[in-house]
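**Student:** Numbering (the UniProt record's numbering), first residue to last: 1 to 419.
For each residue, glycine too, the CB sits at the ideal point set by N, CA and C.
Note that this is a predicted model, so its numbers are computed, not measured.
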């Protein structure tokens, strides 16, 4: 029985509990050992004290099916929805995955610091003010996504408010705040305020001079829901005629979007049968330049340029592609490469530590930035397409095991909880 004074907490708590139980059912079913929900006639809830302590879910016979500690409230700080890219996708997925766990209550507040200019700084300032107004909402920890120097203003504010702040870096050695000595020194000093670093890859520790003395823990990135919950349907590629290429993400020179078009132009010169999709958001000037380059290279019949897509639609297109061509010089830990691997596409990337580690762990090739276009063309023209398809299909299953949402949430939860 639940005491009368505790009943008011059962609405939101039981909703989270049902989501978490459903997730646990799915996970145990995959391992061959689900608990028998079909035999449960009555489920009892104990919550003590309200919003704290432990949830027990039992059958009428007294068998405990589920036990969960309550309640950790986490605020995700990061991302700029007006300029969607990998970090924004990461925040959205992490929010959804963490809220499947009954032990967690998670909110996401974008910081709007991407491509910060005087004209766009109003959004960032409004986000900082919103953060300040909401400081009394009882967060156990703030989880900050660090992409640029402006993000660290939120670190200073959060520490001034007395919060535990876990910082996850998303930048690499070629970003301004790490490449320019003065900005690197300032960033390092501000990062020293962090309570903990939750890094995504060992390669980040090689690229970033993180302050010593701040605890560190490794977490996994969050891939799309269809991957994290193993629901993505992958198109059969074996024996299919023609080559399907894809380039996706935030479109720019630095992200390799124009290099991808050069690859397509050279493939056409070699009379290789292929189709290609360029998918992502960018400003009007960049999109106009991309369209002009497509016309200049005479590849309109081969290449289709799309705006940014909903996540699940993008995953369907990755699941139909043979190769992801990602010639970015920026990404420390490129999410799109892992997404492509999880969808069964074979990645070809600029040789940066994060991409190199992914291709070593799963499959794919890296190319030197000095001759990236020609090297990518050679891989596509000289390699055995069926072998690449087979390697990508094998790698896909390994990625799904490593980046299961339940695994990712547990790693993050342990990282935040530990002192």
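1) The beta strand (DSSP E) spanning residue 353 covers which residue range?
2) Could you please give the first and the last residue of the uninterrupted alpha helix (DSSP H) stretch that includes residue 131?
3) Beta-carbon within less than 8 Å of residue 89's beta-carbon, same chain only, minus the 5 sequence neighbours each way: which residues are those?
4) According to the Cβ coordinates, are residue 399 and residue 346 closer than 7 Å?
5) I think residue 166 touches residue 155, with their Cβ atoms under 8 Å apart; what is that distance to the nearest whole Å?
6) Pairs of beta-carbons, one from the segment 295-306 and one from the segment 212-223, closer than 8 Å: are there three or more?
7) Would you mind sorting residue 170 into buried or exposed? The rule is 16 or more other CB atoms within 10 Å of its CB.
8) Is the beta carbon of residue 110 within less than 6 Å of some heavy atom of the ligand ZN?
9) Could you tell me which residues DSSP pairs with residue 218 in its beta bridges?
10) Using the three-state DSSP reduction, which class does residue 136 fall into: helix, strand or coil?
11) What's the call for residue 113, buried or exposed, on a 16-neighbour Cβ count within 10 Å?
12) So, residue 143 versus residue 74, is the Cβ gap smaller than 7 Å?
13) Taking one C-beta from the segment 396-413 and one from the segment 224-242 each time, how about it: are there three or more such pairs within less than 8 Å?
14) On the criterion of 16 or more Cβ atoms from any shown chain inside 10 Å, does residue 418 qualify as buried, or is it exposed?
15) Could you pull out every residue in the same chain whose Cβ sits closer than 6 Å to the Cβ of residue 247, ignoring the five residues on either side in sequence?
16) Tell me which same chain residues have a C-beta within less than 7 Å of the C-beta of residue 95, skipping the five on either side of it?
17) Check residue 322 in the structure and name its three-state DSSP category.
18) Rounded to whole angstroms, what's the CA-CA distance from residue 236 to residue 303? Just pull it up for me.
19) Excluding the 5 residues preceding and the 5 following residue 375 in the sequence, name in chain order all residues of the same chain whose CB lies nearer than 6 Å to its CB.
20) CB-CB under 7 Å to residue 372, same chain, minus the five flanking residues each way: which ones, in chain order?
21) Would you report the Cα separation of residue 389 and residue 309, rounded to the nearest angstrom?
22) CB-CB under 8 Å to residue 81, same chain, minus the five flanking residues each way: which ones, in chain order?
23) Ignoring anything shorter than 3 residues, give me the beta strand (DSSP E) runs that lie fully in the segment 334-406, in order along the chain.
24) Could you check what DSSP says for residue 145 in three-state terms: helix, strand or coil?
25) Hey, how far is the Cα of residue 159 from the Cα of residue 100?
26) Starting from the Cα of residue 145, find the closest Cα among 86, 232 and 122 and give me that residue.
27) Leaving out five residues on either side along the sequence, give the residues of the same chain with a beta carbon under 8 Å from the beta carbon of residue 343.
**Tutor:** According to the data block:
1) For residue 353, no beta strand (DSSP E) segment is defined; the enclosing uninterrupted segment is the alpha helix (DSSP H) at 353-361.
2) First-last of the alpha helix (DSSP H) with residue 131: 121-133.
3) Around residue 89: 224, 311 and 335.
4) In this structure, residue 346 does not lie closer than 7 Å to residue 399 by Cβ.
5) Their Cβ separation, rounded to whole angstroms, is 10 Å, which puts residue 166 and residue 155 out of contact at 8 Å.
6) The answer is no - the segment 212-223 does not touch the segment 295-306, with fewer than three Cβ pairs under 8 Å.
7) Buried is the call here.
8) Within the structure as shown, the ligand ZN is missing, as the structure has no ligands at all.
9) Residue pairing by DSSP puts residue 218 in a beta bridge opposite 199.
10) The answer is coil: DSSP assigns residue 136 none of H, G, I, E or B.
11) Burial call: buried.
12) Yes, the Cβ-Cβ distance between residue 143 and residue 74 is below 7 Å.
13) Flag = yes, the segment 396-413 and the segment 224-242 touch.
14) Exposed.
15) Closer than 6 Å at the Cβ level, and outside the excluded window around residue 247, lie 260, 278 and 325.
16) These residues qualify, in order along the chain: 76, 106 and 108.
17) Coil.
18) Distance between the alpha carbons of residue 236 and residue 303: 22 Å.
19) Taken in chain order, the residues that qualify are 367.
20) Within the same chain, Cβ atoms closer than 7 Å to the Cβ of residue 372 are found at 259, 327 and 350, the five residues on either side in sequence being excluded.
21) Put simply, the backbone Cα of residue 389 is about 25 Å away from that of residue 309.
22) Excluding sequence neighbours, residue 81 sits near 88, 110 and 112.
23) Taking only runs of at least 3 residues, the beta strand (DSSP E) segments lying wholly in the segment 334-406 are 346-350 and 365-367.
24) If DSSP states are grouped into helix, strand and coil, residue 145 belongs with the strands.
25) A direct Cα-Cα distance of roughly 28 Å separates residue 159 from residue 100.
26) For the residues 86, 232 and 122, the minimum Cα distance to residue 145 belongs to 86.
27) If we look at residue 343 and ignore the five residues flanking it on each side, its Cβ neighbours are 227, 232, 234, 315, 318, 319, 321 and 396.
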